[in-house]
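Below is one structure, written out as structure tokens; comments come after it.
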């Protein structure tokens, strides 16, 4: 248990930072591009950064002892908003905005996969 306590503390601290960044980013982006697109942009950026970190740092001592806990699981886990994406998608569909809901859901899913792949490729 002692070996996991430092990792847990890194995740908790990173998660708080990521959630705070998500909130601030959401405020700024919602005012400029509106919701749900601000959520999509956050998820695309987070997916890209996770891929980039994985491509450049996996296997390094720094990544294994700090980066994957603090940055990937903590900061980027707190920053990205898959549950908000799911809710935005369902709300658009429930409002009868089927085309917009489908474009948003498919665009986010495919876009995040492509963003993670690009980050991984750039980092490798």
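Numbering (the working numbering), first residue to last: 198 to 321. Using N, Cα and C, we set each Cβ at its ideal position, and we do this for glycine too. The structure displayed is predicted, hence computed values, not measured ones.
#### Entry: Residues of its chain near residue 314, where Cβ-Cβ distance is below 7 Å and the 5 sequence neighbours each way are ignored
Excluding positions up to five away in sequence, the list reads 248.
### Message
With three or more C-beta pairs closer than 8 Å as the rule, is the stretch 237 to 254 touching the stretch 300 to 320?
### Response
With a cut-off of 8 Å, the stretch 237 to 254 and the stretch 300 to 320 count as touching, because enough Cβ pairs lie within range.
### Task
For the alpha helix (DSSP H) holding residue 203, just list the boundary residues, first then last.
Boundaries of the alpha helix (DSSP H) harbouring residue 203: 201 to 229, taken from the DSSP string.
### Query
Taking just the CA atoms, how far does residue 224 sit from residue 271?
Roughly 21 Å separates the two Cα atoms.
### Task
To the nearest angstrom, report how far apart residue 286 and residue 299 are at their CA atoms.
In this structure, the CA atom of residue 286 is about 8 Å from the CA atom of residue 299.
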